[in-house]
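Colleague: Protein sequence lines correspond, in order, to chains E and D.
Quick note on numbering: the working numbering labels position 32 of the first sequence as 32, and the sequence is numbered without any gaps.
Every position in the second sequence, counted from 1, becomes a number in the working numbering once 10000 is added.
Beta carbons: idealized from backbone N, C-alpha and C, even for Gly.
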Amino acid sequence: MKLEELRKIRERVQNDLRLRGGATRVKIVVGMGTSGIAAGAREVLSAFLDEIEKRKLTDVIVTQSGEKGLASKEPIVEVIERDRPKVVYGGMTAEKARRVVVEHVIHGTVVEGDVLAIVDAEKE
Amino acid sequence: MAGRLDVLVCSGGACMSSHSLEVKEELVRQLEAQRLADEVRIVETGCMGPCQYGPLVLVYPEGVLYKNVAVSDVAEMVAEHFLKGRVVERLLFRSETADQIVREHRSIPFFEKQMKIVLANCGAINPESVEEYIGAGGYEALGKAVTTMTPEGVVAEMKASGLRGRGGAGFPTGTKWDFVRREASPKKVVVCNADEGDPGAFMDRAVLEGDPHTVIEGMAIAAYAVGAQRGYVYVRAEYPLAIKRLRSALEAARKLGLLGDRIFDTAFSFDIEIRVGAGAFVCGEETALLASLEGRRGVPHPRPPYPSTSGMWQLPTLLNNVETYANVRHIIARGSAWFASIGTGESKGTKVFALSGNVRNTGLVEVPMGTTLGELVYDIGGGVPNGKTLKAIQTGGPSGGCIPVQYLNTPISYETLKELGAIVGSGGVIVLDEDTCMVNLARYFVEFTASESCGQCVPCRSGLVRMLDILDRITRGEGSMEDLALLEELAHTIKRSSLCGLGQTAPNPVLSTLKYFRGEYEAHIRHKTCPAAVCAALFVAPCEASCPAHVDVPAYVTHLSNGDFAKAFDVHMKTNPLPGICGRVCYAFCETKCQRAQIEESVAIRDLKRFMADYAMEHQLAGPKPGARNGKRVAVVGSGPAGLSCGYFLAQRGYEAVLFEALPIAGGTMATGIPAYRLPRDILEADIDRIVKTGVRIELLSPVEDLGRLFADGYEAVFVATGAMKGQTVALGETLPRGVVTGVEFLKGIHVDGASEVGDEVVVIGGGNSAIDSARAALRLGAKRVTIAYRRAKADMPASPEEVAEAMEEGVEILDMTSPVGVVGGERVEGLRCASMAAGPFDASGRRRPVPSDRPEIVLPASMVIVAAGQEATGELLRGAGIEVAKGGLVAVDPVTMGTSRPGIFAGGDATSGPATVVEAIGAGRRAAIAIDRFLGGPGAFEPEERAEVATDYDEDAYTQEQARAVPPMAEVRTRIRSFAEVRGRFAKEQAIEEARRCLHCDRQQTEDGACCESSASLAAEAKTR
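Written out as structure tokens, the structure reads:
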């Protein structure tokens, strides 16, 4: 094989291996407590995963947590980025999730309308 | 849809043996059941490292590492963690120091200090997927080498990196490649030595099973550099999984064109074949390996010619080890300067070690060269488990040597280990604790190499067999000092004259154990004892062997198990006349060697002894009658355990023994230093009275000032047993205010004078039993708060863990890493100034030396400061008699005759050893009585009776099932701290008999087929299935 073909394989597989890479820029945490799931957190989760795969983002991971507590605002999603304050979104839907990926994760602009809170990194 | 979780299941050899594949299958089922199969990917990887804790499951992206995962845990893991995001805490690692759960695997102490280069992919990728290997950067280095570098350039990089052969010899790899490259032959061969014969070594196996492509890539780069077209991997037949994975990796590589013709479209063509070994250790030696590769008998030949000039099929051959090849692609990809920045001056890069033996975290670890032995064993290995102490570290397998605890600060490198008489070797590291017999260890290695000798040369073929013969006889108690001299001579000769590395290094374990543990060899030869209680021919049972008084533990415990309490007492009195005292305060060396601990816990021997002694006291059982008087008189100075024991045994032999005691009470440190809540006064007095009734006289308030006077008064020999009763002080200042006392003074004050003023806040300095005794006594005298300040870590305290636990239950606070530097106060002490310490480098005792930390000083409020930091003897009495006294006031005596430099004057107990234990003093007293008897014309040793095994009258098999150790009743904490009443209670009669029946009777002689009795044969068979 040629060297370029090796590189192509590598790029393709790296995406698969990104979960183990450890070089994460953004971590998205979807609240998956019972109330979250009842409010549709699973669809939000799937949407995030799908959008990330479509756009081949290798430095973004999606995890889940338990009950966030604020049942009326579920599904709740936290976007945690190195050296930036944590952004907590509420009332998320699959569509809003995709918007967050494009505007916030890729372009760096917080989606104001859906924000519940912005938490200073130090305070936490 | 993208995966959300990568769940890595370790399928290294050890985890597979622990059924990790079944865990994986259950994971598949559970993921299906929870409909998560699309989101969660399962990856089977190679060895993750901490083999002790398998099956291991590593979940990304969080990096959570689960240990000891059972099939029954999987449902919970999937439901709680994968579905709901709640990590299953009970399956996580616990940090030993912080007693905290550690989730993230990189923070687990085991992994923190490691640097994975060779093992980078092991445990991280699926070894059966060439794509994952490429995704992780694989074959980039090969591409770079063949398309952008010249062969000379590659060799230059290898030279500059400083990599040395990892098979054991440590020859500079780049230089070896250069030799082969320079050969002007169109055909050359590259060989990988994957024979890995050292017992306990499995580094190469892990690489071949967990990341085979890294070896293929390394070999291909090597072939390009030296000009070879064909490669062979010689794998030992005992590695079927490695062979399978390597075979599949080769096929995958060929399919992608990474092996075969015109690699990466260049003129370089190369392919690799696998050849399987046939079970011979000697085929790890390069010339024997090459012979075997050619289909001939695996037998070495002298060098020159070296394989680089004439190797396989007489072609120039490059032969390197698996680990060496595994380093190559990293060096080429990241550059020689990067590699050379790791490690020490002469030993660059990392080394993979297989940690095994008596260490908590066994498994594979990879550390930069220069990591110290102490860091390897303690920080990464987790230290020695089960409360045992480290004795030595064996490195390099059968070609290596052992390194004792004084060298823990040694940074690991080829040079440093060689200087110590050991070698880095292939990387096997065996941690040895106090229960290891170094003579038996040497014998084990020589037995291995002697049987693996190819037989070509006389030194190895015949010499090793002769060495084994001598070692066998020594372990059976049939060795002589001439044998030892011959053993050493043989070792040196075999080293110098053997044809190949097997013979040249086989004597190393013997030479290195002789260097550091000669005393153990001499004990086997001169005293026919095995200090570690391993060589069965030399002792009755491990418990009896470890007892400094050699009490026949199996005999008396078996009598107890039959309900024959009086017979048990008689056996005990034969070698130890203080059962009441020992049943309360003995250190119980016997329990540390009790083999019952392999089933659940050791037998509660000391508590059984206490039961027996109480029975004897209540039934007023007398000791044996004294022997008929022979008219000779012996004086004993001191009425502590050594003096009492000596007097008792002398009276047995018919001597008139008189003990001169300076204090108004008898018992020595037992009376003045051990509080009544541990040793009630009536028990102490009963034991002493019993001895007096056997014909020993004690003169109280009769200090001896001049030993010569005793001889003038008609005594024909003198035994000095004055103990070590002077408390050591700690530097706290020039003049000290009132209220600062030594532990010795404090405790003596309570027992002799009845003094008891402590105030509200007491601080005790020290970490031994004396410190604990002082602390608990102070509490009982009314102190509101008692604190112990100890300068090292709590785990390093010499006090028995039981005592420490009881003290803490009672409310004593223990501040470790706290070292006293001064006192606060005018006329009376008000506080103790302490520096906070940090753990520094290891000292000669194998513990970390405390060094000042940058935390601020603290002041502990104190109305009394008790310094219990050690005790010394005062040597004036002996100096006055012209006998040499060493530092600490200790007198040197011949270990067999117990004689000092003046004939007729003997000494024993703490006066010769420094503060030790009651039972050691009792043993010394008996040895002295025997020696004095010999000195005065008697036979010396007591008549050796034929030892009769005690038969049992119950069904022994019933007691081989798991049965928890009996626990005696303990006084409730709140009441017990208000008085000096005894804390520990006694077994009821039935309890004692049941507990005694847990004894495995290790004293039974073996029958023809090796079993001691039916019970032990069935136990052994059962243990095999567990």
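For S10017/D, count neighbouring C-beta atoms within 10 Å of its own C-beta (all shown protein chains included) and say buried if the count is 16 or more, exposed if not.
Modeller: Exposed is the call here.
Colleague: What separation, rounded to the nearest whole angstrom, lies between the Cα atoms of V10189/D and L10246/D?
Modeller: So the two alpha carbons sit approximately 19 Å from each other.
Colleague: So V126/E packs on S65/E, CB below 8 Å; how close in whole Å?
Modeller: Outside the displayed range of chain E (1 to 124) lies residue 126/E, so it cannot be described from this structure.
Colleague: Compare the C-beta of D16/E against all C-beta atoms of chain D and say whether one is closer than 8 Å.
Modeller: So yes, D16/E belongs to the interface.
Colleague: Which residues of the segment 71-82 of chain E have a Cβ closer than 8 Å to any Cβ of chain D? Give them in chain order.
Modeller: Within the segment 71-82 of chain E, no residue qualifies.
Colleague: Look at V10718/D and A10635/D and say whether their C-beta atoms are less than 8 Å apart.
Modeller: Closer than 8 Å, so yes.
Colleague: Does the separation of the CB atoms of R10584/D and I10683/D fall below 8 Å?
Modeller: Cβ distance < 8 Å, so R10584/D and I10683/D count as in contact.
Colleague: Can you check which of these residues, I10272/D, L10163/D, C10457/D, is closest to H10213/D by C-alpha distance?
Modeller: Nearest option by C-alpha distance: I10272/D.
Colleague: Quick one: which chain D residues come within Cβ less than 7 Å of T24/E?
Modeller: Those are P10061, listed as they occur along chain D.
Colleague: If we ignore side chains and look at the alpha-carbon of each, how far apart do Y10715/D and G10647/D end up?
Modeller: One C-alpha to the other measures close to 13 Å.
Colleague: With 8 Å as the threshold, decide whether the Cβ of M1/E is near any Cβ in chain D.
Modeller: Closer than 8 Å to some Cβ of chain D, the Cβ of M1/E qualifies, so yes.
Colleague: Terminal residues of the continuous alpha helix (DSSP H) containing N10508/D?
Modeller: First-last of the alpha helix (DSSP H) with N10508/D: 10508-10526.
Colleague: Can you confirm whether I9/E, when its beta carbon is compared against all beta carbons of chain D, has any partner nearer than 8 Å?
Modeller: Judged by the 8 Å Cβ criterion, I9/E is in contact with chain D.
Colleague: Any C-beta of chain D within less than 8 Å: which residues of the segment 37-50 of chain E qualify?
Modeller: Within the segment 37-50 of chain E, the residues whose Cβ lies closer than 8 Å to some Cβ of chain D are L45, S46, L49, D50, listed in chain order.
Colleague: Does T10147/D get closer than 8 Å to chain E when you measure Cβ to Cβ?
Modeller: Yes, because at least one Cβ of chain E sits closer than 8 Å to the Cβ of T10147/D.
Colleague: Whole-angstrom Cβ separation of Q11027/D and Q10728/D, contact assumed at under 8 Å?
Modeller: Chain D is shown only over 10001 to 11026; residue 11027/D falls outside these bounds and no answer can be derived.
Colleague: Does DSSP put C10192/D in a helix, in a strand, or in coil?
Modeller: Strand.
Colleague: Can the beta-carbon of T10147/D be found closer than 8 Å to that of F10264/D?
Modeller: Yes.
Colleague: For G10363/D versus C10834/D, is the C-beta spacing smaller than 8 Å?
Modeller: Contact: no.
Colleague: Taking the beta strand (DSSP E) that V115/E belongs to, which residues open and close that run?
Modeller: 115-119 is the extent of the beta strand (DSSP E) around V115/E.
Colleague: Once DSSP output is grouped into helix, strand and coil, what is the label at R10041/D?
Modeller: Strand, per DSSP.
Colleague: Check whether the Cβ of R20/E lies closer than 8 Å to any Cβ atom in chain D.
Modeller: R20/E counts as touching chain D.
Colleague: Would DSSP call K10348/D helix, strand or coil?
Modeller: Here K10348/D sits in strand by DSSP.
Colleague: Show which residues of chain E have a CB atom less than 7 Å away from the CB atom of G10046/D.
Modeller: Chain E residues near G10046/D: none, gap ~14 Å exceeds 7 Å.
Colleague: Can you find a CB in chain E that lies within less than 8 Å of the CB of K10067/D?
Modeller: So, not an interface residue.
Colleague: Is there contact between the segment 10373-10383 of chain D and the segment 10490-10508 of chain D, where contact requires at least three CB pairs shorter than 8 Å?
Modeller: No, the segment 10373-10383 of chain D is not in contact with the segment 10490-10508 of chain D.
Colleague: On the criterion of 16 or more Cβ atoms from any shown chain inside 10 Å, does D10854/D qualify as buried, or is it exposed?
Modeller: Per the 10 Å Cβ criterion, exposed.
Colleague: Hey, does I106/E have any beta-carbon neighbour from chain D nearer than 8 Å?
Modeller: It does not: the Cβ of I106/E has no partner Cβ on chain D nearer than 8 Å.
Colleague: Please list the residues of the segment 10110-10132 of chain D that have a C-beta atom closer than 8 Å to any C-beta atom in chain E, keeping them in chain order.
Modeller: So the list reads A10124, I10125, E10131, E10132, given in the order they occur along the chain.
Colleague: So is I10108/D in contact with chain E if we call contact Cβ pairs under 8 Å?
Modeller: No, its Cβ sits nowhere closer than 8 Å to a Cβ of chain E.
Colleague: Please report the residue range of the alpha helix (DSSP H) in which L10319/D lies.
Modeller: L10319/D -> not in any alpha helix (DSSP H); beta strand (DSSP E) instead, spanning 10317-10321.
Colleague: So which residues of chain E does Y10139/D contact, with C-beta pairs closer than 8 Å?
Modeller: What Y10139/D touches in chain E: L6.
Colleague: In angstroms with no decimal places, state the Cα-to-Cα distance between K10679/D and E10982/D.
Modeller: The question names Lys, yet the displayed sequence has Leu at residue 10679/D. Cα to Cα, L10679/D sits roughly 7 Å from E10982/D.
Colleague: Are G10477/D and V10328/D close, meaning C-beta to C-beta below 8 Å?
Modeller: Cβ atoms of G10477/D and V10328/D: not closer than 8 Å.
Colleague: How big is the Cα-Cα spacing for G10345/D and N10361/D?
Modeller: About 29 Å.
Colleague: If we define contact as Cβ-Cβ less than 8 Å, is G10563/D a contact residue for chain E?
Modeller: For G10563/D, the answer is no, since every Cβ of chain E falls outside 8 Å of its Cβ.
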